[in-house]
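Structure first, then comments.
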Amino acid sequence: MLKDEIDSLAPARDFNRRSFVQTTVGGGFAAAVLPVTAQTISTDTVGLEAGPVRVPVGDFQMSAYRAQPAGGKSLPVILVASEIFGVHEHIADVCRRFAKQGYLAIAPELFVRHGNAGAYTDIPKLISEVVSKASDAQVCADLDATVAWADANGGDVGKLGITGFCWGGRTTWRYVAHNPKVAAGVAWYGPVARNYHPGDKTIVELAADIKAPVLGLYGAADGGIPVDTLTQLENALKAAGHTKSEMVVYPDTPHAFHADYRPSYRKAAADDGWARCLAWFKKNGVV
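Anchor point for the sequence shown: position 206 equals 206 in UniProt numbering, and the numbering is continuous, going up by one each time.
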């Protein structure tokens, strides 16, 4: 399972002692992705409020990483859904990149009930012991709670977007299907024809519930997400009368092409995808 994830991690190179394991949400890198590569991007916190926060989900306190312009009020909100590795340094950096653009960006640790995703080195074990236990129902409820937290902490959830990577890309599609208040989503290489938790529907099966526009960013050489599955989703969306979403498929591009800390990183596709991501949110009112 997820051979594409395993293939995209090796070989990697050391980067000036940045090969450290995640210890707190948004701090360090997950053990499975070490050592990180020399091209790894690091966004500073100048002008930002950034760091771990706690999001109440009933009686449970869920950890999350939040970044926003310092002193900002009524900020548009971007939910950031992580890869299977949890909220480690790369996901925190993505939040800071959005914050530099004027957003309140928040990445909840959606696996925290089931184990420390950042501590695993064996990906199949990580999936079976942690990722597969995070059901769509739990994830959507956690994201609902995250939206409520943002609403109470400087965010304008009338301008709500979501983005995510791999597992988080699928989560992006799934949450748009769940929450009609989401204005737009950007899904980076998220599987659409398979699920992770037993009994959950695929995104293709949920196509009729997707109302908001979603931009899908994919690599044609992604061994875990065949291009024909994207066509299946496009056809299902059209059959449901949905014409707002778009797919961009980069030729000769692997899975995890945005992950600058991994060997799978492809700068041209990543830069183009990021520009499209920002433009998509602005076009659809998340600004």
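No residue lacks a Cβ here, since even glycine has one placed at the ideal position from N, Cα and C.
- For Ala268, the closest C-alpha among the options Pro108, Tyr250, Gly169 is that of Tyr250.
- Per the coordinates, the alpha-carbon of Gly190 lies some 14 Å from the alpha-carbon of Ala221.
- Straight-line measurement puts the Cα of Thr171 at about 19 Å from the Cα of Trp149.
- The DSSP-derived three-state label of Gln61 is strand.
- Around the C-beta of Ser264, 16 or more other C-beta atoms lie within 10 Å, and the residue is accordingly described as buried.
- The beta carbon of Thr24 sits closer than 7 Å to those of Pro52, all from its chain and outside the five residues before and after it, given in chain order.
- Assignment of Lys282 by DSSP, reduced to helix, strand and coil, places it in the helix class.
- In terms of Cα proximity to Ser74, the closest of Ile41, Thr146, His90, Leu160 is Leu160.
- By the neighbour-count criterion, in which a residue is buried when 16 or more other Cβ atoms sit within 10 angstroms of its Cβ, Thr163 is buried.
- Of the candidates Thr43, Tyr120, Asp200, Tyr218, the residue whose Cα lies closest to the Cα of Asp252 is Tyr218.
- In the three-state DSSP reduction, Pro124 falls in the helix class (H, G or I).
- In this structure, Ala30 lies near Gly118, with their beta-carbon atoms less than 8 Å apart.
- Checking the DSSP bridge columns, you'll see Leu160 partnered with Val77.
- Remark: fewer than three beta-carbon pairs, one from each stretch, lie closer than 8 Å, so the region 189 to 205 and the region 93 to 109 are not flagged as touching.
- Pro56 and Asn179 have their alpha carbons spaced roughly 19 Å apart.
- Distances from the alpha-carbon of Leu143 to those of Ala105, Arg96, Pro124, Val287 put Ala105 closest.
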